[in-house]
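As given, the protein sequences belong to chains A and B, one line each in that order. Numbering-wise, UniProt numbering puts 9 at position 9 of the first sequence, and it's gapless, one number per residue. Numbering-wise, UniProt numbering puts 352 at position 352 of the second sequence, and it's gapless, one number per residue. Single-structure report; data block below.
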Amino acid sequence: MGASGSGKSTLMHIMAGLDSATSGRVWLGDTEITRLDDDQLTLLRRRRVGFVFQAFNLVPTLDVLGNIRLPFELDGREPNPDEAARIDRLVQTLGLEERLRHRPHELSGGQQQRVAIARALATQPDLILADEPTGNLDSRTGREVLAVLSAAARDYGQAIAMVTHDPVAASFADRIVFLADGRMVEERGRSSAEQISAIMLGMEAAR
Amino acid sequence: MSAALREHRSSLLVAGLSSAFGVVLLSMIGAIDTAARADAVVGASDTASALLLVAASLFIGIALYVSAVVTANTVATIVAGRTRTIALLRLLGSSARRQRSAVTREGLGVGLIGAALGALAGEALHLLLVLVLRETGVLPPADYPLIAPVALLPVIAVVLTTWAAFRTGSRRVLAVRPMQALGAAVERSGEEVGRRPVRHGIAVVLVALGTLLLGGGVAAGLVSSFGVVIAFFGGILSFTGIVLAADLVMPPLLRLVGRAMARTATGRLAAENAVRSPERSARTTIGLVIGVALVTTFAVGLQSYIDMLARAQANDPAYYAGIDEAFAMTVAVFLVLIGFSAVIAAVGMADALSLSVLQRGRELGLLRALGFSKGQLRRMILAESAQLTVTASAFGVVLGIGYGWAGAQSLFGSIEGGGLVPPGIPWLLVLLVVIGTGALAAIAAVAPTRRAVRVTPIEALAAP
Chain A
1 MGASGSGKST LMHIMAGLDS ATSGRVWLGD TEITRLDDDQ LTLLRRRRVG
51 FVFQAFNLVP TLDVLGNIRL PFELDGREPN PDEAARIDRL VQTLGLEERL
101 RHRPHELSGG QQQRVAIARA LATQPDLILA DEPTGNLDSR TGREVLAVLS
151 AAARDYGQAI AMVTHDPVAA SFADRIVFLA DGRMVEERGR SSAEQISAIM
201 LGMEAAR
Chain B
1 MSAALREHRS SLLVAGLSSA FGVVLLSMIG AIDTAARADA VVGASDTASA
51 LLLVAASLFI GIALYVSAVV TANTVATIVA GRTRTIALLR LLGSSARRQR
101 SAVTREGLGV GLIGAALGAL AGEALHLLLV LVLRETGVLP PADYPLIAPV
151 ALLPVIAVVL TTWAAFRTGS RRVLAVRPMQ ALGAAVERSG EEVGRRPVRH
201 GIAVVLVALG TLLLGGGVAA GLVSSFGVVI AFFGGILSFT GIVLAADLVM
251 PPLLRLVGRA MARTATGRLA AENAVRSPER SARTTIGLVI GVALVTTFAV
301 GLQSYIDMLA RAQANDPAYY AGIDEAFAMT VAVFLVLIGF SAVIAAVGMA
351 DALSLSVLQR GRELGLLRAL GFSKGQLRRM ILAESAQLTV TASAFGVVLG
401 IGYGWAGAQS LFGSIEGGGL VPPGIPWLLV LLVVIGTGAL AAIAAVAPTR
451 RAVRVTPIEA LAAP
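As structure tokens, then:
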């Protein structure tokens with residue numbers, strides 16, 4: 001969490017192996033991703049990382065089911081029975097059963113974001129990176145999406161790293177890291193939106 | 001699937017046309033051969049029929065080459081438009097090779113469908129032509145084969161070249177980075193394009209080698225008609241070099257022309273646009289240049305041939321007494337070639353232009369947001385079309401005059417009383433080509449411009 005320009009997105013890009021670090025090393029589990037070549041990073045993104053974006057980023061030509069199954073298709077395989085059951089459960093929990101044959105442009109913003117979350121969760125990645133996932137949503141839909149994400153963390157034990165500058169969104173997290181001008185300046189456990197706002201304002205005043 | 005078909009409409013048409021062209025040409029040569037055997041009076045010599053076959057193969061070669069360049073160009077434009085989707089798939093873990101081979105597979109499909117449809121159309125046309133020519137007595141009565149097996153060769157060649165053209169045109173897929181899904185997808189700037197020494201080095205070598213071969217073909221043409229084979233390869237190599245260097249050569253030329261024409265802020269902006277995204281303007285210009293060059297090549301070739309024959313006839317009237325019929329036949333063949341090349345050229349041009357306007361929704365929306373009126377936007381695109389037409393026409397006409405003259409010299413230089421003649425330039429036809437290019441450029445930009453203008457600035461900026 002941090003103000004605009006604090007380096008949140010850059011950090012996320014580096015964590016995902018999208019951008020290369022000028023110095024230092026990045027680990028995902030036991031894998032040092034700073035040493036991986038493009039092919040290995042491709043496999044890493046396909047199997048071990050999931051993404052949820054502010055702009056949803058669904059493939060416009062694929063329907064909802066096609067988008068959710070995309071990571072498997074990219075892997076050149078069908079979901080195995082366990083994974084298929086998981087996808088079914090996700091579709092149900094996220095309320096997408098009626099929408100499986102719809103294209104992204106036929107869905108509301110909140111529905112599109114739920115599809116993106118289903119896609120990210122389907123492969124049980126080591127880590128899901130969420131970049132301002134509520135940035136394009138109204139506050140009620142935004143809360144729903146945050147509730148879905150925290151339920152995934154609780155029920156599936158899914159690790160999620162979310163980038164945001166919204167204290168309410170950050171209050172859903174178990175651990176909050178504050179960034180300012182490219183540096184880590186604070187770290188807290190679960191906090192309320194009020195506490196987080198106070199920290200943010202304090203950081204601003206300290207400059 | 002239907003969206004993919006719409007995107008590849010022009011590539012399908014180009015593949016179909018080349019395939020039909022090849023089938024008709026080879027089948028008709030087969031028919032003429034049958035006629036010659038049936039009718040001893042016509043009795044073409046072996047050299048003559050061998051030459052006919054070589055000339056036909058070269059024309060098919062030219063058709064295939066031009067189709068390949070036009071198709072590769074179109075595919076590159078389509079890939080540029082898909083950058084964001086490709087980046088997203090890369091982000092989700094698709095490899096660049098996989099993305100490229102998906103495009104290449106589309107090419108195989110387009111090649112197969114286009115070539116098959118073209119072959120059917122060509123075969124129908126061939127049967128119709130034989131029927132009409134036999135009924136009217138131009139061809140003697142004989143058993144003409146319904147299908148010439150040799151005509152299958154150009155069909156296969158069309159499938160392969162379309163496939164190869166998709167492969168070449170999709171090279172840029174490899175350069176798409178996953179990060180591009182997160183921000184605005186931008187093409188490489190002029191400076192970045194400038195730093196492609198290997199590509200541009202190869203371009204220089206190809207142009208030099210091609211020019212050398214063209215010269216060699218002209219020289220050899222003074223002795224034998226087979227000099228045209230050398231000139232053919234010279235033409236292919238040199239034009240490939242020009243295509244490779246287009247991103248370096250075209251933008252400054254466009255800006256030069258644009259500045260000379262610009263009177264208003266809109267005009268000046270149009271002139272700068274050409275340089276801002278060199279890859280896009282190079283693609284669009286090449287689509288026009290190859291069309292103009294192709295039509296001019298055949299027109300100049302024909303005129304040079306007419307001039308040459310007129311001179312030879314004046315030198316030796318007795319020798320050329322009965323030449324009129326063969327002459328009329330040659331002119332007819334050339335006119336067909338001009339028509340065919342004009343169609344392929346038009347497809348390439350219209351496609352490159354409309355796609356390039358279509359893909360600029362965001363940029364045009366930004367200009368609207370910054371206070372450009374709809375009229376100014378329209379005028380800017382029109383000014384771009386105008387500078388594009390002038391640049392591409394000038395470049396294409398110069399190339400076409402060179403290629404057409406070299407072709408005529410290398411093919412006909414050895415005829416009795418022939419020798420070297422200056423290039424014959426049918427100015428009226430050249431003027432028509434330039435006017436036609438301008439009209440086509442304007443028309444091709446109309447629909448996408450209207451769409452771009454209708455979109456509100458907010459929609460345009462929000463669109464991914």
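Using N, Cα and C, we set each Cβ at its ideal position, and we do this for glycine too. Only a predicted model underlies this, so the values are computations on that prediction, with no experimental measurement involved.
Beta carbon proximity, residue i to chain B, threshold 7 Å
i               : result
T22 of chain A  : no
R69 of chain A  : no
L18 of chain A  : yes
T42 of chain A  : yes
N136 of chain A : no
R45 of chain A  : yes
G7 of chain A   : no
Residue from the options with nearest C-alpha to residue i
i                      : options                        : result
L92 of chain B         : A:H105, A:A147, A:V49, A:D181  : A:V49
G76 of chain A         : B:A56, B:T85, B:I236, B:R98    : B:R98
L146 of chain B        : B:A293, B:L206, B:L131, B:L309 : B:L131
A271 of chain B        : B:V434, B:A50, B:L382, B:S11   : B:L382
I457 of chain B        : B:K374, B:G438, B:V430         : Here residue 457 of chain B is Pro; the residue named in the question, Ile, does not match the sequence. Per the Cα distances, B:K374.
E7 of chain B          : B:L209, B:S238, B:R82, B:V390  : B:R82
T240 of chain B        : B:V257, B:S67, B:L139          : B:S67
P178 of chain B        : A:R25, A:T22, A:F51            : A:F51
I415 of chain B        : B:G221, B:A148, B:V75          : B:G221
L25 of chain B         : B:T34, B:L53, B:S11            : B:L53
residue 471 of chain B : B:I78, B:G417, B:A124, B:A164  : The displayed coordinates of chain B run from 1 to 464. Any statement about residue 471 of chain B would go beyond what the structure contains.
E419 of chain B        : B:A124, B:Y305, B:A442         : Correcting the residue type first, residue 419 of chain B is Gly in the shown sequence and not Glu. Residue B:Y305 is the option with its Cα nearest to G419 of chain B.
V289 of chain B        : B:V333, B:A350, B:R276, B:S277 : B:A350
G157 of chain A        : A:F172, A:A180, A:L127, A:P167 : A:L127
I425 of chain B        : B:R311, B:A299, B:Q313         : B:A299
A116 of chain B        : B:L153, B:L214, B:A332         : B:L153
G258 of chain B        : B:L248, B:A246, B:V275, B:V243 : B:V275
For residue i, the first and last residue of its enclosing alpha helix (DSSP H)
i                      : result
E187 of chain A        : That residue, E187 of chain A, is in no alpha helix (DSSP H); its beta strand (DSSP E) goes 183 to 189.
D88 of chain A         : 81 to 93
F239 of chain B        : 227 to 261
T141 of chain A        : 139 to 155
S197 of chain A        : 193 to 206
residue 482 of chain B : The structure shown does not extend to residue 482 of chain B, since chain B is modelled only from 1 through 464, so no value can be given for it.
H200 of chain B        : 197 to 221
A273 of chain B        : Before going further, note that residue 273 of chain B is Asn rather than Ala in the sequence given. First-last of the alpha helix (DSSP H) with N273 of chain B: 265 to 276.
E363 of chain B        : 361 to 369
E106 of chain B        : 96 to 135
E73 of chain A         : 64 to 74
Inter-residue Cα distance where the pair is residue i and residue j
i                      : j               : result
A159 of chain A        : V173 of chain B : 32 Å
L64 of chain B         : Q124 of chain A : 50 Å
A147 of chain A        : E106 of chain B : 42 Å
S139 of chain A        : V163 of chain A : 17 Å
P423 of chain B        : P252 of chain B : 29 Å
A96 of chain B         : T93 of chain A  : 34 Å
W405 of chain B        : A346 of chain B : 23 Å
L139 of chain B        : A31 of chain B  : 9 Å
A44 of chain B         : T77 of chain B  : At A44 of chain B the pLDDT is 48, less than 50, meaning the model places this residue with poor confidence; the figure from the coordinates comes in the next sentence. About 47 Å.
T297 of chain B        : Y319 of chain B : 29 Å
residue 533 of chain B : L428 of chain B : In this structure chain B extends from 1 to 464, so residue 533 of chain B is not present and cannot be described.
G109 of chain B        : E186 of chain A : 57 Å
Delimiting residues of the beta strand (DSSP E) encompassing residue i
i               : result
A180 of chain A : 175 to 180
M162 of chain A : 160 to 163
V49 of chain A  : 49 to 52
D131 of chain A : 127 to 131
Within-7 Å CB hit, residue i to chain A
i               : result
S224 of chain B : no
G93 of chain B  : yes
L174 of chain B : no
M179 of chain B : yes
Heavy atom of the ligand ATP within 6 Å of residue i beta-carbon
i             : result
G5 of chain A : Looking at this structure, you won't find the ligand ATP or any other ligand, since it has none at all.
Within-7 Å CB hit, residue i to chain C
i               : result
T284 of chain B : Absent from the structure is chain C; the protein chains it does hold are A and B.
In chain order, what residues of the region 68 to 92 of chain A put their CB closer than 7 Å to some CB of chain B? L70, P71, L74
So if I threshold CB-CB distances at 8 Å, which residues from the UniProt domain "ABC3 transporter permease C-terminal" (58 to 167) of chain B count as touching chain A? Result list: T85, L88, L89, R90, L91, L92, G93, S94, S95, A96, R98.
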